[in-house]
Structures are given as structure tokens and as C-alpha cells.
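Protein chains in written order, with the UniProt record's numbering: chain Y, 1 to 192; chain A, 1 to 192.
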DNA sequence: GTCTATACGGTGATAGAC
DNA sequence: GTCTATCACCGTATAGAC
């Protein structure tokens with residue numbers, strides 16, 4: 001059974017927003033990509049493009065949050081390894097998508113930070129949820145909570161920036177180089 | 001004497017692109033902000049919006065390159081201090097501009113990475129020039145050249161990501177936290 | 001040579017057919 | 001209740017007035 005129309009619209013939006021940005025993507029293009037008739041958009045999202053954007057950001061955000069947990073669970077006892085895996089997986093995904101699949105939030109976040117409070121706030125919440133997820137794992141590895149929170153922010157910043165550079169350059173090197181150095185930082189902070 | 005019309009158009013473009021993105025900024029808005037009549041745009045930029053974008057990216061890029069050099073020169077003997085200053089200055093500029101003045105390249109880079117080769121290439125060149133500038137200073141402080149290049153990439157990634165987070169959150173904390181940790185990384189790499 | 005007025009396509013949004 | 005046909009508007013680009 002194929003996903004319902006509403007979900008297809010949400011996922012088509014998320015994909016197009018991350019490739020082309022929010023302003024650069026038309027609603028017509030979204031309905032076409034989602035295989036949904038034009039009229040259904042305003043049926044499911046009466047708030048128009050902005051509501052669709054807010055929900056698409058939240059949707060992508062929670063999908064990636066689950067992916068974080070998956071990667072962390074896979075190497076439960078080695079948090080540094082998990083962070084490294086995450087950079088590695090992102091590099092592969094980016095390359096395999098012909099450099100289209102970067103961060104699903106960052107492009108929209110930069111576009112709307114000064115132009116739409118509802119959208120900006122949706123991005124704030126996603127970033128916060130990601131940071132919290134990373135911080136919890138670092139704390140679980142024995143790093144004091146306050147320090148774990150700062151390190152999580154640092155990891156996410158380095159990760160986001162590396163995606164910007166790798167996607168622009170069409171080269172996984174920024175992600176690989178940054179992963180190595182960030183892993184070194186985290187390794188030095190672990191107790192024992 | 002006021003700058004010439006062409007330059008005003010270029011700088012208005014650069015400012016609007018960084019606040020709202022490339023797709024989200026109209027040519028009408030650019031001419032209005034630059035105090036230039038509508039017709040002058042296609043006189044100075046016959047290649048239309050894309051040419052204007054390419055030149056605006058290059059213009060911002062070289063302005064920031066000069067700023068890099070200025071900050072590095074100010075504390076010539078302490079490259080870690082310079083990097084820290086750069087994060088600090090960016091945090092101040094971001095806050096003082098009411099969270100509008102982030103990176104003049106990153107927003108456009110993410111928007112166009114999959115949609116315009118000329119624009120993407122302009123962004124590639126700017127990032128490369130910035131990395132090279134940082135790498136040269138790190139090498140000058142005694143770090144082997146290959147390692148200096150990797151560290152420069154790392155610094156730029158962390159910096160770009162921190163701007164994304166700080167601008168989205170409207171909080172200088174990501175920039176401050178990341179600056180501290182990156183400074184620590186660099187400090188540990190210096191000889192002596 | 002510089003720019004005002006206009007063309008044409010695509011945008012987000014809606015009213016009314018089924 | 002679901003969606004097709006249409007709207008008014010703004011986007012980029014251009015032709016021709018000065």
C-alpha cells in the first residue's frame with residue numbers, strides 16, 4: 001500500500017526543499033513530485049506553503065532523529081565511532097544522490113531565518129532535538145552533562161558546515177577531514 | 001563620492017542574498033535597495049540574475065578574504081587568537097544586524113548547489129580562497145602544510161555550521177562554544 | 001548609451017464543479 | 001468532501017523612448 005497523499009506531499013516537499021531551497025521550490029512542482037493533484041495541497045495544508053514548510057521541516061527532523069538513534073545504537077559502547085559513522089553515512093548519501101541530499105534543514109533555515117518566524121522556529125526545534133540526542137549519548141559515555149551539551153553543539157556545527165562545503169565542492173573530503181578531527185576531540189574528552 | 005551604480009547593485013545583491021537567499025530575492029528588490037533604476041540592471045549585467053549572482057558571490061568573497069587577512073595581521077604571532085577573534089567578530093556582527101548578517105556565501109551555496117553550475121562554481125572558488133588563506137597562516141605558525149590544509153578545512157566547516165546554528169537560534173552560543181573547542185584543537189597542533 | 005514601459009510566464013491562492 | 005479551472009500578482013527579461 002502506497003503512503004497516503006498527505007505524507008507523499010510532505011516527503012516530496014522535504015526532498016525538494018533540501019535540494020533547491022524553500023523559495024526556489026514551487027507548489028506545482030511539489031504536487032507533481034508527490035503524484036498528487038494540485039487541489040489536494042490546500043485541502044491537506046490550508047495554511048498554504050508556510051504550513052507545508054513547517055510540517056516538512058518537522059517531518060524531516062524526526063526522521064533524522066530516528067536515524068541518529070539507529071546509528072548510536074549500532075555501536076552502543078563507542079560513541080566516537082558512532083559520530084564518525086554519521087559523517088561517513090552522510091558523505092555516502094551525499095555522493096550517491098549526485099550531491100543533492102545534504103542536510104534537510106540547513107538550506108531552509110538559512111533562507112527563512114530573517115523572513116518567517118514560524119519556519120525559523122520549526123528549524124530551531126529540529127536542531128535542538130538533534131543536539132539533545134547527541135548530548136544524551138555523550139553524557140551516557142561519562143562526559144559531564146554541561147560539557148556534553150557543548151560538545152553536542154560543536155559536533156552538530158562541524159557536521160552542518162562540512163555538509164555545506166562537501167556539497168558545494170562535490171567532494172566528500174570536507175566531511176572526511178572534519179570527521180577525523182572531531183572524533184579526535186571527542187576521544188580526548190572521554191573519561192578513562 | 002557615492003559608489004557607482006554597478007557596485008551599489010552588487011552590494012545590495014550580496015546583502016539581500018545572504019539575508020533571504022538567491023531565489024527569495026527579486027531583481028526589483030535589488031534595484032530598489034541599491035537605489036538604481038530598474039533598467040540599469042540589464043545594462044550592467046546583461047547575463048541577468050545569474051551573472052549578478054556570480055559577481056555578487058565573488059564580490060562578497062573577496063571582501064571577506066580581506067577581512068580574514070586583517071584579523072590575522074592584527075595578532076600576527078598568535079594564529080589561535082586570530083581564529084577565536086574571527087568567531088567573536090562574526091557573533092557580534094550577527095547579533096548587531098538582528099541576526100541577518102550570516103555567511104554571505106552559504107545560503108546561496110546550498111540553494112544553487114544542485115541547480116546552477118555557474119553559481120555553484122563561484123561559491124567553490126570563494127570557499128577555496130578562504131581555506132587557502134587560513135591554511136597559509138597555520139602553516140606560517142609551524143604546522144606542516146598538508147596538516148594545515150586539513151585544519152583550515154575543519155576551521156571553515158566548524159565556522160559555517162556555527163553560523164547556521166547561531167543565526168537560526170538567534171543566540172551567539174553555538175559560535176562561542178564552537179570557537180572555544182576549535183581553538184583548543186588548533187592550540188594542541190602548534191609546535192612547541 | 002540610459003532607462004521607462006511593457007510582455008510573458010509562472011507563482012501562490014481560491015471559487016465552484018463534481 | 002475532493003479536486004479542476006481560473007484568478008490576480010510578481011517574477012525575469014526585453015523593446016523602444018529619450
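Think of the CB as a built atom: it goes at the ideal place given N, C-alpha and C, for glycine as much as any other residue.
Can you tell which of 159/Y, 160/Y and 131/Y has the C-alpha that lies nearest to the C-alpha of residue 147/Y? Out of 159/Y, 160/Y and 131/Y, 131/Y has the C-alpha closest to the C-alpha of residue 147/Y.
Measuring straight from C-alpha to C-alpha, what distance separates residue 17/A and residue 59/A? Between the alpha carbons of residue 17/A and residue 59/A lies a gap of roughly 12 Å.
Quick one: using the 10 Å Cβ neighbour count with 16 as the cut-off for buried, is residue 1/A buried or exposed? Residue placement at residue 1/A cannot be trusted, given a pLDDT of 44 that sits under 50; what the coordinates show is reported in the next sentence. Exposed, because fewer than 16 other Cβ atoms sit within 10 Å of the Cβ of residue 1/A.
In or out: residue 120/A buried (at least 16 other Cβ within 10 Å) or exposed? The residue is buried, with at least 16 neighbouring Cβ atoms inside 10 Å.
With the cut-off set at 8 Å, would you say residue 158/A and residue 34/Y are in Cβ contact? A distance of 8 Å or more separates the beta carbons of residue 158/A and residue 34/Y.
Interface residues of chain Y facing residue 134/A [CB-CB closer than 8 Å]: For residue 134/A, no chain Y residue has a Cβ inside 8 Å of its Cβ, as the nearest lies near 13 Å away.
So, is the C-beta of residue 1/Y closer than 8 Å to a C-beta in chain A? For residue 1/Y, the pLDDT reaches just 44, beneath the cut-off of 50, and the residue's location in the model is therefore unreliable, although a value from the coordinates is still provided. With 8 Å as the cut-off, residue 1/Y does not count as an interface residue toward chain A.
When burial is assigned at 16 or more other CB atoms within 10 Å of the CB, is residue 166/Y buried or exposed? Looking at its Cβ environment, which holds 16 or more other Cβ atoms inside 10 Å, residue 166/Y is buried.
Look at the Cβ atom of residue 178/A, then the Cβ atom of residue 153/Y, and state whether they are nearer than 8 Å. For residue 178/A and residue 153/Y, yes; Cβs fall inside 8 Å.
Run of the alpha helix (DSSP H) containing residue 141/Y, from where it starts to where it stops: Residue 141/Y -> no alpha helix (DSSP H), and no H or E assigned at all.
Quick one: what's got a C-beta closer than 8 Å to residue 8/A's C-beta in the same chain, skipping five residues either side? Setting aside the 5 residues that flank it on each side, residue 8/A is surrounded in the same chain by 2, 34, 35 and 36, each with a C-beta closer than 8 Å to its C-beta; the list follows chain order.
Within the continuous alpha helix (DSSP H) that includes residue 48/Y, where are the two ends? Counting along the chain, the alpha helix (DSSP H) containing residue 48/Y begins and ends at 48–74.
List, in order along the chain, the chain A residues whose C-beta lies closer than 9 Å to that of residue 73/Y? Those within 9 Å of residue 73/Y in chain A number zero; the least Cβ separation is about 25 Å.
Residue 114/A: contacting residues in chain Y (beta-carbon distance under 7 Å): Below the 7 Å Cβ cutoff, chain Y contributes 19, 20, 99 and 100 as neighbours of residue 114/A, in chain order.
Using a threshold of 8 Å, state whether the C-beta atoms of residue 38/A and residue 113/Y are closer than that. Not in contact: residue 38/A and residue 113/Y (Cβ atoms no closer than 8 Å).
At least three beta-carbon pairs within less than 8 Å, the stretch 63–72 of chain A to the stretch 83–90 of chain A: A contact exists between the stretch 63–72 of chain A and the stretch 83–90 of chain A.
At the 8 Å Cβ level, is residue 54/Y part of the contact set with chain A, yes or no? No, residue 54/Y does not count as interfacial toward chain A.
Candidates 137/Y, 48/Y and 57/Y: closest to residue 11/Y by CA position: The shortest C-alpha separation from residue 11/Y is found at 57/Y.
Check for me: the alpha helix (DSSP H) holding residue 180/Y runs from which residue to which? For residue 180/Y, the enclosing alpha helix (DSSP H) stretches over residues 173–189.
Three-state class that DSSP yields for residue 87/A in the structure shown: The three-state secondary structure of residue 87/A, taken from DSSP, is helix.
Measure the alpha-carbon distance for residue 77/Y versus residue 191/Y and round it to whole angstroms. Whole-angstrom Cα-Cα distance: 13 Å.
Just checking my contact of residue 163/Y with residue 103/Y at CB under 8 Å: how many whole Å lie between their CB atoms? Their Cβ separation, rounded to whole angstroms, is 5 Å, which keeps residue 163/Y and residue 103/Y in contact under 8 Å.
Residue closest to residue 127/A, alpha-carbon to alpha-carbon, out of 140/A, 108/A and 184/A: Of the candidates 140/A, 108/A and 184/A, the one whose C-alpha sits nearest the C-alpha of residue 127/A is 108/A.
If the cut is a Cβ gap below 8 Å, which residues of chain Y does residue 127/A touch? In chain order: 165, 168 and 169.
Return the CA-CA distance between residue 185/A and residue 40/Y, expressed in angstroms with no decimal places. Approximately 52 Å, taken between the alpha carbons.
Would you say residue 161/A reaches chain Y, if we count a Cβ-Cβ gap shorter than 8 Å as a contact? The C-beta of residue 161/A comes closer than 8 Å to at least one C-beta of chain Y.
Return helix, strand or coil for residue 105/A, following the three-state DSSP convention. Correct three-state label for residue 105/A: coil.
Where the alpha helix (DSSP H) containing residue 32/Y begins and where it ends: Start and end: 27–33.
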